[in-house]
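K.L.:
Mind looking over this structure? Questions follow.
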Amino acid sequence: LRHLDDDGITIVELAISSFILLIIGAIMLTALLMVSRTNEAVAQDTESLTTARIARHRLEQEIRQADEVLAASTASSIALWLDENNDDTRDPDELITWSFVDLDGLAGGKAKLVRAVADPAIGDRIDGIHYRSPDGGAYAPFTYSTAPPATEQVTLTLIVEPESDFGGGESVTLQSTVTPRNAS
């Protein structure tokens, strides 16, 4: 003989199991979204750091190739003369200025790196907006062994601030010392 309660699953049992499955699904979806956001933040931070490293490499290369670090150089910009055609004449397309332009007006705030050429036919090039001041004050990434144009070494300090929209991430400091070609 069969018992009357062995007929199958009741509606209450089905509702409880559906509710448990719903909770497990919500937990899995939340975990998947968190992993996705983390991956996106890491990718954005990596892109910021890669852009800064490329800009630093190009800047170092131009400082090394410079025939002169011009007197117009400051703590937030460096003016270079690269005599590309070796004619000892300062042509407009041989005068290059790398400068950090403050974006938010805050001490230690964001700055963008701009490469400008004196020749108006050549446009400015912006290499990111993810730099911060090394000392929390005005952005001053350049220090000189002696005042330009007698500079023998230039120390470059880039502090790369992560650009992710999700916050977090530590700033990274890229520092190097470069000797221009004209240094004795």
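Letter by letter, the sequence shown follows residues 278 to 461 in my numbering.
All C-beta atoms in this analysis are idealised placements derived from N, C-alpha and C, irrespective of residue type, glycine included.
The model shown is predicted, which means the values in this text are computed figures rather than measured ones.
Identify whether GLN430 lies in helix, strand or coil by the three-state DSSP scheme.
P.N.:
Position 153 of the sequence shown holds residue 430. Coil, per DSSP.
K.L.:
Thinking C-beta only, is ALA292 closer than 8 Å to LEU435?
P.N.:
Translated into positions along the sequence shown, residue 435 becomes position 158. Translated into positions along the sequence shown, residue 292 becomes position 15. In this structure, ALA292 does not lie closer than 8 Å to LEU435 by Cβ.
K.L.:
Quick one: complete beta strand (DSSP E) runs, 3+ long, within the stretch 300-343?
P.N.:
Runs of the beta strand (DSSP E) inside the stretch 300-343: none found.
K.L.:
Taking just the CA atoms, how far does THR315 sit from GLU345?
P.N.:
Taking the first residue of the sequence shown as 1, we reach residue 345 at position 68. Taking the first residue of the sequence shown as 1, we reach residue 315 at position 38. For GLU345 and THR315, the distance between alpha carbons rounds to 45 Å.
K.L.:
DSSP state of SER246, grouped into three classes?
P.N.:
Nothing about residue 246 can be read from this structure; the chain reaches only from 278 to 461.
K.L.:
Under the three-state reduction of DSSP, which class applies to GLU345: helix, strand or coil?
P.N.:
In the sequence shown, the residue the question calls residue 345 occupies position 68. GLU345 falls in the strand class under three-state DSSP.
K.L.:
For VAL399, which three-state DSSP category applies?
P.N.:
Along the sequence shown, one-based indexing puts residue 399 at 122. In the sequence as presented, Val is not what sits at residue 399; that position holds Ile. Looking at ILE399 - three-state DSSP - the assignment turns out to be coil, as it is neither helix nor strand.
K.L.:
Report buried or exposed for THR428, applying the criterion of at least 16 other Cβ atoms within 10 angstroms of its Cβ.
P.N.:
The residue given as residue 428 occupies position 151 in the sequence shown. By the neighbour-count rule (16 or more Cβ atoms within 10 Å), THR428 is buried.
K.L.:
Can you confirm whether the stretch 387-397 touches the stretch 368-379 when touching is taken to mean that 3 or more C-beta pairs between the two stretches lie within less than 8 Å?
P.N.:
Cβ pair count under 8 Å is three or more, so yes.
K.L.:
Please report the distance separating the alpha-carbon of ARG297 from that of LEU306.
P.N.:
If you number the sequence shown from 1, residue 297 lands on position 20. If you number the sequence shown from 1, residue 306 lands on position 29. What sits at residue 297 in the sequence shown is Ile, not Arg. So the alpha carbons of these two residues sit roughly 14 Å apart.
K.L.:
Could you please give me the residues that DSSP links to ARG392 through a beta bridge?
P.N.:
The sequence position of residue 392 within the sequence shown is 115, counting from 1. In the DSSP output, where bridge partners are listed per residue, ARG392 has TRP375, ARG402.
K.L.:
According to DSSP, what are the bridge partners of LEU451?
P.N.:
Counted from its first residue, the sequence shown places residue 451 at position 174. In DSSP, LEU451 forms a bridge with LEU435.
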